[in-house]
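Participant: Below you'll find the structure I mean.
Protein chains: 2
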Amino acid sequence: MKNNTVQYKNKKKISEPVIRRLPRYRRYLGELMKDGVERISSGKLSEMMGYTASQIRQDLNNFGAFGQQGYGYKVDFLYEQIGKIMGLDKEYSMVIVGFGRLGQAIAGYIDQYEKQFRITGIFDLPDKVEDIEFKDAYVADMDSIKDFCSRHKVDMALLTVPRSEAQHACDTVCEAGIKGIWNFTSVDLKIPEDVHCENVHMSDSLHELSYHLKDK
Amino acid sequence: MKNNTVQYKNKKKISEPVIRRLPRYRRYLGELMKDGVERISSGKLSEMMGYTASQIRQDLNNFGAFGQQGYGYKVDFLYEQIGKIMGLDKEYSMVIVGFGRLGQAIAGYIDQYEKQFRITGIFDLPDKVEDIEFKDAYVADMDSIKDFCSRHKVDMALLTVPRSEAQHACDTVCEAGIKGIWNFTSVDLKIPEDVHCENVHMSDSLHELSYHLKDK
Numbered sequence: 005m006k007n008n009t010v011q012y013k014n015k016k017k018i019s020e021p022v023i024r025r026l027p028r029y030r031r032y033l034g035e036l037m038k039d040g041v042e043r044i045s046s047g048k049l050s051e052m053m054g055y056t057a058s059q060i061r062q063d064l065n066n067f068g069a070f071g072q073q074g075y076g077y078k079v080d081f082l083y084e085q086i087g088k089i090m091g092l093d094k095e096y097s098m099v100i101v102g103f104g105r106l107g108q109a110i111a112g113y114i115d116q117y118e119k120q121f122r123i124t125g126i127f128d129l130p131d132k133v134e135d136i137e138f139k140d141a142y143v144a145d146m147d148s149i150k151d152f153c154s155r156h157k158v159d160m161a162l163l164t165v166p167r168s169e170a171q172h173a174c175d176t177v178c179e180a181g182i183k184g185i186w187n188f189t190s191v192d193l194k195i196p197e198d199v200h201c202e203n204v205h206m207s208d209s210l211h212e213l214s215y216h217l218k219d220k
Numbered sequence: 005m006k007n008n009t010v011q012y013k014n015k016k017k018i019s020e021p022v023i024r025r026l027p028r029y030r031r032y033l034g035e036l037m038k039d040g041v042e043r044i045s046s047g048k049l050s051e052m053m054g055y056t057a058s059q060i061r062q063d064l065n066n067f068g069a070f071g072q073q074g075y076g077y078k079v080d081f082l083y084e085q086i087g088k089i090m091g092l093d094k095e096y097s098m099v100i101v102g103f104g105r106l107g108q109a110i111a112g113y114i115d116q117y118e119k120q121f122r123i124t125g126i127f128d129l130p131d132k133v134e135d136i137e138f139k140d141a142y143v144a145d146m147d148s149i150k151d152f153c154s155r156h157k158v159d160m161a162l163l164t165v166p167r168s169e170a171q172h173a174c175d176t177v178c179e180a181g182i183k184g185i186w187n188f189t190s191v192d193l194k195i196p197e198d199v200h201c202e203n204v205h206m207s208d209s210l211h212e213l214s215y216h217l218k219d220k
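Shown next as C-alpha cells:
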C-alpha cells in the first residue's frame with residue numbers, strides 16, 4: 005500500500021467540498037470500527053452516508069487508491085489514512101480567547117474527545133483571569149497573547165469572545181503570529197491571507213432549522 | 005413590492021445550498037444596517053461576501069425580484085424578507101436535552117441573541133435536575149419529555165447529551181412528536197422522515213482547521 009502515501013505526498017490541490025466531507029467519512033469509519041466491521045464497500049458506505057457510491061470513490065481517490073475492486077475499503081486503514089490527511093496524527097497547541105461558558109464547554113469537549121489539541125493558554129479580561137483554571141494551561145489577560153506566542157509555538161486560537169470583541173481578538177492573535185482560527189463568535193472575521201479561519205456559526209444552523217420548521 | 009411576496013408564496017423547492025447561504029446574507033445585511041447603509045448592489049455584496057454577483061442575484065431571485073436594476077437592494081427590506089423566508093418572524097418553543105456546560109452556554113447564547121427561540125423545557129438526568137434553573141423553563145428528568153410535549157407545543161429540541169446518549173435522546177424527542185432537532189452531539193442521528201435535523205459537528209470544523217494547518 006506504500007504507493008498510496010507517495011501518491012498523496014505529490015498532492016494536487018484538494019477542493020474545499022471534499023475536505024469538508026472527510027471528517028464525516030472518518031466519523032462513520034470510526035463507528036464501523038467500534039461495531040467490529042473490518043471492510044466496507046463504497047456501496048454500503050453510500051447507503052449509510054447518503055452520498056452516491058461514485059462520489060465516495062471519487063472523494064477517496066483524491067488521496068490514492070484506498071479501495072480494492074471487489075474487496076472494498078479496509079475500515080481501520082482508511083480511518084487512519086483520513087486522520088493523517090486531516091493532520092490528526094500531529095499535536096497542536098491551542099489558545100482560547102474568551103473563557104465564558106462556551107469557552108469552558110469547548111475546552112471540556114476538547115479535553116475529552118480531541119486530545120491531540122492541547123490547550124496551552126487561556127486569555128480573558130483582567131478581572132476574569134483570577135478565577136480561571138484549566139489543567140496546566142497558562143492563564144493571563146488578553147494583552148499577554150503576543151508575549152505568550154513569542155515564547156511558545158501556538159498553532160491555533162479558539163475565539164469565544166462576545167461579538168463586539170471578535171475582530172479585535174482576531175487581530176490580536178493574527179499579530180501574534182497564529183495561523184489558525186477556530187471562530188465561534190458569529191462574526192465573519194477579516195483575516196490576513198496566510199491565516200486560515202474555520203467558523204462555527206451557531207445561529208446559521210439554528211436559522212436553517214427554523215426555515216425547515218416554519219410551516220410545520 | 006407586493007409581487008415579491010406573492011411570488012414567494014407560490015414557491016418552488018429551494019435547494020439546500022441556497023438555504024444554507026441565506027443566514028449569511030442576513031448577517032451581512034444586518035452589519036450593513038448597523039453601519040447605516042441603506043442600499044447595496046450585488047457587486048458590492050459580492051466583494052464583501054466572496055460570492056459572485058451573479059450567484060447572489062440568482063440566490064435572491066429564488067424568492068422574488070428584490071433588487072432593482074441600477075438601484076441595487078434595499079438593505080433593511082432585504083434583511084427583513086430573508087428573516088421571513090427563514091421563518092424568523094415566528095416564535096419557536098425549544099426544549100434542551102442535556103444541560104451540561106455546552107447546553108448552558110447555548111441557552112445563554114439563545115437568550116441573548118435569538119429571542120424568538122423560547123426555551124420552555126430543560127431535561128437531564130434525575131440527579132442533575134435539582135440544580136438546574138433557567139428563567140421560567142420547566143425542568144425535569146428525561147423521562148418526562150413525552151408528557152411535557154403532550155401538554156405544550158414544542159417545535160424543536162437542542163441535544164447536548166454525551167455521545168453515548170445521543171441516539172436514545174433523539175428517539176425520545178421524536179417519539180414525543182418534536183419535528184426539529186438541533187444536534188450538538190457529534191453523532192449522525194437516525195431520524196424519522198418527517199423530522200428535520202441540523203447538526204453542529206464541532207469536531208468536523210476543528211479537523212478541517214487541522215487539515216489546513218498541518219503543513220504550516
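One line per chain: the protein sequences are A and B, in this order. Under the numbering used here, the first sequence has 116 at position 112, and the numbering climbs by one with no breaks. Under the numbering used here, the second sequence has 44 at position 40, and the numbering climbs by one with no breaks. Just so you know, even glycine gets a beta-carbon here, dropped at the ideal spot from N, CA and C.
A/N65 by DSSP, collapsed to three states: which one?
Facilitator: Position 61 of the first sequence holds residue 65 of chain A. Here A/N65 sits in helix by DSSP.
Participant: Which bits of chain B does A/M160 rub up against, with CB to CB less than 9 Å?
Facilitator: On the first sequence, residue 160 of chain A is found 156 positions in, with the first residue counted as 1. The contacting residues are L210, L213, S214 and L217.
Participant: Does any residue of chain A bring its CB to less than 9 Å from the CB of B/K132?
Facilitator: Here residue 132 of chain B refers to the residue found at position 128 of the second sequence. Output row for B/K132: interface = no.
Participant: Identify the contact partners of A/A109 in chain B, using a Cβ-Cβ distance below 9 Å as the criterion.
Facilitator: By one-based count along the first sequence, residue 109 of chain A stands at place 105. Residues of chain B passing the Cβ test: G104, R105, L106, G107, Q108, A109, I110 and T164.
Participant: I think B/P27 touches A/D208, with their Cβ atoms under 8 Å apart; what is that distance to the nearest whole Å?
Facilitator: In the second sequence, counting from the first residue as 1, residue 27 of chain B sits at position 23. In the first sequence, counting from the first residue as 1, residue 208 of chain A sits at position 204. About 4 Å separates the two Cβ atoms, so the contact holds.
Participant: Exposed or buried, which one is A/V41 when buried takes at least 16 other CB atoms within 10 Å?
Facilitator: For the purposes of this step, residue 41 of chain A is identified with residue 37 of the first sequence, where counting begins at 1. By the 10 Å Cβ count, A/V41 comes out exposed.
Participant: Strictly below 8 Å CB to CB, what residues from chain A border B/S207?
Facilitator: Within the second sequence, numbered from 1, the residue matching residue 207 of chain B stands at position 203. Near B/S207 (Cβ distances below 8 Å), the residues of chain A are P27, R31, Y117 and E118.
Participant: Can you list, in chain order, the residues of its chain with a C-beta nearer than 7 Å to that of A/V60? Leave out the 5 residues immediately preceding and following it.
Facilitator: Walking along the first sequence from the start, residue 60 of chain A turns up at place 56. Sequence inspection shows Ile at residue 60 of chain A; the Val mentioned does not correspond to that position. These residues qualify, in order along the chain: S46, L49 and S50.
Participant: Please name the residues in the region 69-89 of chain A whose beta-carbon is closer than 8 Å to at least one beta-carbon of chain B, in chain order.
Facilitator: The residues in question are I89.
Participant: Residues of chain A with CB closer than 7 Å to the CB of B/R24, please, in chain order.
Facilitator: As a working note, residue 24 of chain B is residue 20 in the second sequence. Within chain A, the residues near B/R24 are E212.
Participant: Taking the C-alpha atoms as reference points, what is the distance between A/Y12 and A/K88?
Facilitator: Locating residue 12 of chain A in the first sequence gives position 8, counting from the first residue. Locating residue 88 of chain A in the first sequence gives position 84, counting from the first residue. Any reading at A/Y12 needs caution, since the residue's pLDDT is 47, under 50, leaving its predicted position unreliable; the model's value is listed next. Taking the straight line from one Cα to the other gives about 11 Å.
Participant: Pick out the complete alpha helix (DSSP H) segments inside the region 154-216 of chain A, 4 residues or longer, and give them in chain order.
Facilitator: Taking only runs of at least 4 residues, the alpha helix (DSSP H) segments lying wholly in the region 154-216 of chain A are 170-179.
Participant: Just how far apart, CA to CA, sit A/T189 and B/A173?
Facilitator: One-based indexing of the first sequence puts residue 189 of chain A at position 185. One-based indexing of the second sequence puts residue 173 of chain B at position 169. Each residue's Cα considered, the two are about 28 Å apart.
Participant: Measure the C-alpha to C-alpha separation of B/G125 and B/C153 and round it to an integer number of angstroms.
Facilitator: Here residue 125 of chain B refers to the residue found at position 121 of the second sequence. Here residue 153 of chain B refers to the residue found at position 149 of the second sequence. Distance between the alpha carbons of B/G125 and B/C153: 9 Å.
Participant: Label A/T164 either buried or exposed according to how many other C-beta atoms from any shown protein chain fall within 10 Å of its C-beta, with 16 as the threshold for buried.
Facilitator: Locating residue 164 of chain A in the first sequence gives position 160, counting from the first residue. A/T164 comes out buried.
Participant: Residues bridged to B/M98 by DSSP?
Facilitator: Along the second sequence, read from residue 1 onward, the residue named residue 98 of chain B stands at position 94. Beta-bridge pairing links B/M98 to B/I123 and B/M160.
Participant: Does the separation of the CB atoms of B/M90 and B/R122 fall below 9 Å?
Facilitator: On the second sequence, residue 90 of chain B is found 86 positions in, with the first residue counted as 1. On the second sequence, residue 122 of chain B is found 118 positions in, with the first residue counted as 1. Contact: no.
Participant: Please name the residue, chosen from A/I86, A/I44, A/G54 and A/A109, that lies closest to A/Y77 on a Cα-to-Cα basis.
Facilitator: The sequence position of residue 77 of chain A within the first sequence is 73, counting from 1. The candidate whose alpha carbon is nearest that of A/Y77 is A/I44.
Participant: Compare the beta carbon distance of A/M160 and A/I185 with 9 Å and say whether it is the shorter of the two.
Facilitator: As a working mapping, residue 160 of chain A is identified with position 156 in the first sequence. As a working mapping, residue 185 of chain A is identified with position 181 in the first sequence. Their beta carbons are under 9 Å apart, which means A/M160 touches A/I185 by this criterion.
Participant: Let me know if A/V10 comes out buried or exposed under the rule of 16 or more other beta-carbons within 10 Å of its beta-carbon.
Facilitator: On the first sequence, residue 10 of chain A is found 6 positions in, with the first residue counted as 1. For A/V10, the predicted structure reports a pLDDT of 35, less than 50, and the residue's modelled location is therefore unreliable. A value from the coordinates is still provided. Counting Cβ neighbours within 10 Å, A/V10 comes out exposed, since fewer than 16 surround it.
Participant: Can you tell me where the alpha helix (DSSP H) with B/Y113 in it begins and where it stops?
Facilitator: Residue numbering aside, residue 113 of chain B sits at position 109 when the second sequence is read from its first letter. From DSSP, the alpha helix (DSSP H) with B/Y113 extends over R105 to Y117.
Participant: What whole-angstrom Cβ distance do A/K139 and A/Q171 have, given they're in contact under 8 Å?
Facilitator: If you number the first sequence from 1, residue 139 of chain A lands on position 135. If you number the first sequence from 1, residue 171 of chain A lands on position 167. Their Cβ separation, rounded to whole angstroms, is 29 Å, which puts A/K139 and A/Q171 out of contact at 8 Å.
Participant: For a cutoff of 9 Å on Cβ pairs, would you count B/R167 as touching chain A?
Facilitator: Start at 1 with the first residue of the second sequence, and residue 167 of chain B comes out as number 163. By this cut-off, B/R167 is an interface position.
Participant: Hey, could you find the ends of the alpha helix (DSSP H) B/Y83 is sitting in?
Facilitator: One-based indexing of the second sequence puts residue 83 of chain B at position 79. Per DSSP, B/Y83 belongs to the alpha helix (DSSP H) from V79 to I89.
Participant: Rounded C-beta distance between A/S214 and B/Y29? I'm assuming under 8 Å.
Facilitator: Stepping through the first sequence from its first residue, residue 214 of chain A is reached at position 210. Stepping through the second sequence from its first residue, residue 29 of chain B is reached at position 25. Between B/Y29 and A/S214 the Cβ distance is about 15 Å, and since that is not below 8 Å, they are no contact.
Participant: Please name the residue in B/A141, B/R31, B/K132 and B/K150 whose C-alpha comes closest to that of B/G102.
Facilitator: Counting from 1 along the second sequence, the entry for residue 102 of chain B is found at position 98. Ranking B/A141, B/R31, B/K132 and B/K150 by Cα distance to B/G102 puts B/K132 first.
Participant: Residue range of the beta strand (DSSP E) that B/D145 falls in?
Facilitator: What you label residue 145 of chain B is simply residue 141 of the second sequence in a count that begins at 1. That run of the beta strand (DSSP E) goes Y142 to D145.
Participant: Go to B/I23, then tell me how far its alpha helix (DSSP H) extends in each direction, as first and last residue.
Facilitator: In the second sequence, the residue the question calls residue 23 of chain B occupies position 19. B/I23 -> alpha helix (DSSP H) spans E20 to K38.
Participant: Are the C-beta atoms of A/G91 and some chain B residue less than 9 Å apart?
Facilitator: In the first sequence, residue 91 of chain A corresponds to position 87, counting from 1. Yes, its Cβ sits closer than 9 Å to a Cβ of chain B.
Participant: Please report how far the alpha carbon of A/D135 lies from the alpha carbon of A/A109, in whole angstroms.
Facilitator: Indexing the first sequence from 1 puts residue 135 of chain A at position 131. Indexing the first sequence from 1 puts residue 109 of chain A at position 105. Cα-Cα distance, rounded: 16 Å.
Participant: Here's the rule I'm using: 16 or more other beta-carbon atoms within 10 Å means buried, otherwise exposed. How should A/D128 be labelled?
Facilitator: The residue you call residue 128 of chain A lines up with position 124 of the first sequence. Buried, by the Cβ-count rule.
Participant: Between A/P166, A/V204, A/L92 and A/I149, which has its C-alpha nearest B/Q116's C-alpha?
Facilitator: What you label residue 116 of chain B is simply residue 112 of the second sequence in a count that begins at 1. Of A/P166, A/V204, A/L92 and A/I149, the residue nearest in Cα terms is A/P166.
Participant: Excluding the 5 residues preceding and the 5 following B/Y273 in the sequence, name in chain order all residues of the same chain whose CB lies nearer than 7 Å to its CB.
Facilitator: Nothing in the structure corresponds to residue 273 of chain B, since chain B is present only between 5 and 220.
Participant: How would you list, in chain order, the residues of chain B whose beta-carbon sits under 9 Å from the beta-carbon of A/D192?
Facilitator: One-based indexing of the first sequence puts residue 192 of chain A at position 188. R28, R31, Y32, E35, M52 and M53, listed in chain order.
Participant: What residue range does the alpha helix (DSSP H) around B/D93 cover?
Facilitator: Position 89 of the second sequence, counted from the first residue, corresponds to residue 93 of chain B. Note, B/D93: premise wrong, no alpha helix (DSSP H); not H, not E.
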